[in-house]
RNA sequence: GGGCACAUAGCUCAGCUGGUUAGAGCGACCGCCUUACACGCGGUAGGUCAGAGGUUCAAAUCCUCUUGUGCCCACCA
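In the numbering used here, the protein residues as written are 17 to 903.
Put into structure tokens, the structure is as follows:
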């Protein structure tokens, strides 16, 4: 029921501006700033988004507690193609065809969609309990971000880094737009490899192999490897292109693979990347035979005109066969590119598009990486990033869709050119006045002075263009704002490794180019969320876990803790329903333990002071100190999972299972104040350590106990705990006490279980080989094991067990009639394994290589161990003999 | 074709700058509704650390190879 308080805390964090840095001049604390990976406005948030936000929030909350001023900027991404695709689909269900709408009408619908979806997403982000500064919420198409986009485009344009021209690009015929190389996915398909005979003028023929026979209609050459002996003598001859009749040359190019197919390849510069490159170098003519609609153009013989590519393929094959030119058809596996959003098969074709010359940006990023910026977690992703950057080519910036930042280029009405809206983009060359780069419609042409109806380019920018500017644009760049000065570059970027290239690399390049600084010092790449079968989550598989479902059912803390506990940098994470069980149990445990302490303190009616007196106090203090040290170490490596596992163990395994149980007995026994004081003080520390992971439940507890804690602020604003003052000597004493105490208790419990004592039965135990200090705690041992420690008396049998390599001994005193077979078996098993261990050590010690070369401390350790084990073995043998006599 | 990662208990994963008899959670088994908690407590079982070599006094940990799995990149026409 503590989950009911979530809305209350969300409100308190918001109104108290927890996590929002104070005004710039008020304090000089170091700043920890982050920007959100802006979710697409395509729907609701899924598990990946939850991870994108919970993980950074853990670091933000931790940073806040360690005295930093934190800022995390929230926002959303307009997500060009993705959003338009979803909205089009949505319209379709209402029976509306997007093509029946004007650009303006469609824009209105898109804006409406953006408005509602945006607020849905932001609401969901709020619910995750992340410390965002919502007064700084941004959207990639809002005014601030748009002006950054314009500034970036125009300055790149002025530098000559942006150009427009016909190039081979990837085209999605469904979306009707160009795509960048990164927006492709590859699917393995089994198709055919056709061998086609091209007749050589002057006799003979050459056989080419192709997977796409329909593109032969656009061939402008046949290429062979210059050192291929089979074809050397044919280079320079001409062939007649079947079905078309065109004469095309046989050329030589090193990029041809002699081993593949027949070693001769048809060259279709307009519809293949490699052929384009060969065509460029050999100055081959272009024949655009496939149009942007995915059908054959008028560049082909009439009988194929307007056929779909697959229809044309069938027809071409049939016709070749009829002419006896089809030599063979063999099965062939190859990959086909599909659109990453709509999964439609894409066509490589030549189109007039806007490009960004990447070389200078890329080289700056490479140099930055060489001097260690940014630093990657996990480290190995840095190499992957570097390698990818090294081979990076120009970026196709333009998209032929509606939803996005329109290219800020205007055409002078006086210019003589194909208008930018022309149906085919191939010959869209501009003559006359150069285009004008301007955010608003120009009044007059700076070249010819004419005024009139300037036409804006119809294309919009790739959505990743604005995403790439995100860490700058959210702070108001290009304006020299206070925020920009203060928060840029950001401290840490957390995002999935799947968008390393699409996003992270581009942010780095833009950041360096425009500000000279890498936009973040560190990059944490998290893995993907998978289902319990290790599959990626997808709607079509129906295996999507909705974070809201978990939140509603078990609480946001459970969602957060489960994710944080499973998140290792760069590693995928399994999110099956029972992955949340452990987290749920833990959160409940925290709540219950706190409730116990609260109840006890209320009984006392005072606010007791903490003071460490009992060995158990020093022991638990050491446990917490070690936990804090370990957590700090792991946090430096951004290993939330390891940090939290340790905290989990300390809290549950040490504090709840042992310290609290001991405390109960101490409370019953004697002076309560110190015990209660310690319980509260320790709980407070745990709450602080837990807060970044499970803020709701810890805040609620802290609030409930605030009079005990003397709390004057929300938990999130408290300082990260320093280690408790425990001297080394105290720690060592406590550790020794703990080893004996825990050993005795555990052995007694085990004996009870093995001998079949009912939990309610009290049994008699005698202890030997222990010091007076431990004897003082006899009542604790009795309480924890439900036994009575006796020093005299007559019993039938003493079932004995060694503790700690035989230094101490417990004996369970029984009358008779118990089944001893289990105990015998256990003792002999332990005897065997002890003997084995002894044997190994003896062998080791007899080995001069070991005694000479091993470090002294290791050697001494082994000698001590051997002594202990031998003592233990003697006892075990003795016990066993005794038992054997009983039968 | 190139590269990266992973392979540890039935499942999900820690441990890996080499050094006790390899750990946790979930699941399984036995016993307990003990007044914070059955979302719990106590106990038990379960692993030749993928395989083969090598380095070393000593390898889950370092090196090499093999096998299997996942992912990324690539102009296999």
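Each residue gets a CB set at the ideal place from its N, CA and C atoms; glycine is no exception.
Minimum Cα-Cα distance from residue 82 among the listed residues 408, 378, 737, 112 corresponds to 737.
Apart from the 5 residues on each side of it in sequence, residue 166 sits with its Cβ closer than 7 Å to the Cβ of 424, 455 in its chain, given in chain order. Considering only 678, 763, 854, the residue with the shortest C-alpha distance to residue 799 is 678.
The DSSP assignment places 563-570, 572-582 as complete runs of the alpha helix (DSSP H) inside the region 535-595, in order along the chain (cut-off: 4 residues). Taking a cut-off of 8 Å for Cβ pairs, the region 355-373 and the region 171-183 touch, as three or more such pairs fall below it. Take the alpha-carbon of residue 740 and the one of residue 652: they are about 21 Å apart. Between residue 144 and residue 572, the CB-CB gap stays under 9 Å. In the three-state reduction of the DSSP assignment, residue 827 falls in the strand class. In this structure, residue 686 sits away from residue 624, with a CB-CB distance that is not shorter than 9 Å. Between residue 732 and residue 129, the gap from beta carbon to beta carbon reaches 9 Å or more. If you check the CB distance, residue 192 and residue 417 come in under 9 Å.
With respect to residue 154, residue 92 sits close: the two C-beta atoms are nearer than 9 Å. Secondary structure at residue 713: helix, using DSSP grouped into helix, strand and coil.
Relative to residue 340, the option among 119, 773, 51, 211 whose CA is nearest is 211. When beta bridges are read from the DSSP output, residue 876 appears opposite no residue. DSSP places residue 491 outside both helix and strand once states are collapsed to three, so it counts as coil. The beta carbon of residue 647 lies closer than 6 Å to those of 659 in the same chain, with the five residues before and after it left out. Along the length of the region 757-845, whole alpha helix (DSSP H) runs at least 4 residues long occupy 788-792, 794-801, reported in chain order. Under the three-state reduction of DSSP, residue 855 is assigned to helix. Residue 319 sits exposed, since fewer than 16 C-beta atoms from the chains shown fall within 10 Å of its C-beta.
In the structure shown, residue 529 adopts helical secondary structure according to DSSP, grouped into three states.
Here the alpha carbon of residue 379 sits roughly 32 Å from the alpha carbon of residue 300. At the C-beta level, residue 503 and residue 89 come within 9 Å of one another.
Residue 142 places its beta carbon 9 Å or farther from that of residue 231. As a beta-bridge residue in DSSP terms, residue 353 pairs with 202. It is roughly 41 Å from the alpha-carbon of residue 490 to the alpha-carbon of residue 286. When only Cα atoms are considered, residue 524 and residue 702 end up about 39 Å apart. Distance from the CA of residue 846 to the CA of residue 820, rounded to the nearest whole angstrom, comes to 13 Å.
The beta carbon of residue 428 sits closer than 6 Å to those of 449, 461, all from its chain and outside the five residues before and after it, given in chain order. Approximately 16 Å separates the beta-carbon atoms of residue 530 and residue 390; this is outside 8 Å, ruling out the contact.
A straight-line Cα-Cα distance of about 34 Å links residue 217 and residue 308. Residue pairing of residue 22 in beta bridges, as defined by DSSP: absent, with no partner found. For residue 393, the enclosing beta strand (DSSP E) covers residues 391-393.
Non-local beta-carbon contacts of residue 851 in its own chain, meaning distances under 7 Å to residues more than five positions away in sequence, involve 889 in chain order. Selection 516, 426, 176 evaluated against residue 402 yields 516 as nearest (Cα-Cα).
Taking 8 Å as the upper bound for CB-CB distance, residue 830 and residue 771 are in contact here, some 7 Å apart.
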